[in-house]
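First up is the structure itself, then whatever we jot down about it.
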Amino acid sequence: MSETIAYIMMTVGVLFDLLGCVGLVRLPDVYNRLQAATKCVTLGTCMILLGVFVLTGFTAMGIKALICMFFILITNPTSAHALARGSHKAGVPLWPGSVIDEYQEIQEKKS
Amino acid sequence: MRAFIQFFVLFGLWLLLTWSLQPADLIAGAVVSVIVVALMGNMFIQRATNILNPVRIFWMLFYIPYLLWYILWANIDVAYRVINPSMPIRPGIVRFKTGLKTDMGKTFLANSITLTPGTLTVDIVGDEFFVHWINVKFDGDPKKQGEEIAGKFERIIRRIFE
Amino acid sequence: MSVLMMIYIWALVISAFLCLYRIGMGPTPPDRTVAIDNLGTIVVGFCAFLSLFTGKDFYLNIGISWSLLAFVGTIALAKFLERRSFDE
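Top line first, the protein sequences correspond to chains B, G and P. Counting from 1, position 57 in the first sequence corresponds to residue 76 in the working numbering; the numbering is continuous, with no gaps. Counting from 1, position 12 in the second sequence corresponds to residue 100 in the working numbering; the numbering is continuous, with no gaps. Counting from 1, position 34 in the third sequence corresponds to residue 1428 in the working numbering; the numbering is continuous, with no gaps.
Dropping the structure here:
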């Protein structure tokens, strides 16, 4: 029973990894790519690690998978945030079809 | 008190990573933890005794599955937008004000926003969040946008970190 | 279950190649940085499968240190993109 759950989790995780990378190739600008990539790849890898934990239980391997999942869940959104701010300050424009950019107005007011 | 809590957090992490109870491992872990506390003690969170407060621990334990549920939704949403051949996206950067005061609370709110449907925190200036939204609703109405993006997390995070 | 394991590994290889495409073709430097960060996270998934496949747990140690090092590298690159000094 728990083995089936673990394999379902890993399948879902691998599927999300694949979809996140497809989004990385298909979407039009840095910020949209960052959205697809960060969310899908973070959850995908966390699902794989959770599957490893369910399959092995409370052994050295399972606990390490849990710690690894915790680190990924903490660090990945932070690096996405730093990258978004860095690319906006480096002057990478939004996709022409974007609706609104209130951050740009603040930057212009400051300078 | 703060140094003791930091020592036990580090030592617990060491025990989980090595996963053995032999005396040599225990002594090495204790020595390394003491050195790290002595060198980096001032980089630990400021009000560390809050970790021991049972009410906060309860809300934290409630918050994790709540967040995971929204993360799952976010992924299905983004995956749908990616596979759909016409790509129904309407991106833009919006801003809203938050009521949270502490840095820890703001950090957690920003990370939660990044992991949930279609939103990505770009910058925090004072108490204003700038968020990249993949499907902008309510053009130029910061209050409604803030309620839509962060309202559901803000109420719980206030109970944990404020 | 080794057939299933091969399918997983190949799916991850395909996603790694999609990341490599974005690293090679990305029109701006931030695009490449995003792809590099993602490649790091996918490698952690590889490490999890390897440790499950071989039954040895030190591959997960590699995964933990890989994720932390990828985080530090990405932060450094983001600071570099912002054109600020490192001690700020």
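Heads up, the beta-carbon is just placed ideally off N, CA and C, and yes, glycines get one too. All figures in this text were calculated on a predicted structure; none of them were measured in a lab.
Minimum Cα-Cα distance from residue 1432 (chain P) among the listed residues B:70, B:23, B:47, B:42 corresponds to B:42. Within chain B, no C-beta atom comes nearer than 9 Å to that of residue 1426 (chain P); the closest sits roughly 10 Å away. The count of Cβ pairs closer than 8 Å, one atom from the stretch 1417–1433 of chain P and one from the stretch 75–90 of chain B, stays below three, leaving the stretches out of contact. Around the beta-carbon of residue 67 (chain B), 16 or more other beta-carbon atoms lie within 10 Å, marking it buried.
In the pairwise beta carbon analysis, the stretch 162–171 of chain G is classified as touching the stretch 201–208 of chain G: at least three pairs are separated by under 8 Å.
By the neighbour-count criterion, in which 16 or more other beta carbons inside 10 Å mark a residue as buried, residue 231 (chain G) falls on the exposed side.
According to the DSSP assignment, residue 183 (chain G) belongs to the beta strand (DSSP E) that extends over 180–185.
Closer than 9 Å at the C-beta level to chain B, one finds these residues of the stretch 177–192 of chain G: 177, 178, 179, 180, 181, 182, 183. Assignment of beta-bridge partners to residue 212 (chain G) by DSSP yields G:217. A straight line joining the alpha-carbon of residue 70 (chain B) with that of residue 185 (chain G) spans about 38 Å.
The secondary-structure analysis by DSSP pairs residue 223 (chain G) across a beta bridge with G:178. Put simply, the CB of residue 58 (chain B) is far from chain P, with every gap to its CB atoms at 8 Å or more. Using beta-carbon distances, residue 215 (chain G) does not count as an interface residue toward chain B, since no partner is under 8 Å. By the neighbour-count criterion, in which a residue is buried when 16 or more other Cβ atoms sit within 10 angstroms of its Cβ, residue 173 (chain G) is exposed. By the neighbour-count criterion, in which a residue is buried when 16 or more other Cβ atoms sit within 10 angstroms of its Cβ, residue 119 (chain G) is exposed. Taking 8 Å as the CB threshold, residue 35 (chain B) lines the interface with chain G. As computed with DSSP, residue 202 (chain G) is found in no beta bridge at all. Residue 75 (chain B) has a beta carbon lying at 8 Å or more from every beta carbon in chain G. Within a 10 Å sphere around the beta-carbon of residue 104 (chain B) sit 16 or more other beta-carbons, which makes this residue buried. Under the 10 Å beta carbon count, residue 39 (chain B) is surrounded by 16 or more other beta carbons and is classified as buried. Residues 39 of the same chain have their beta carbon placed closer than 8 Å to that of residue 58 (chain B), with the five preceding and five following residues left out of the count.
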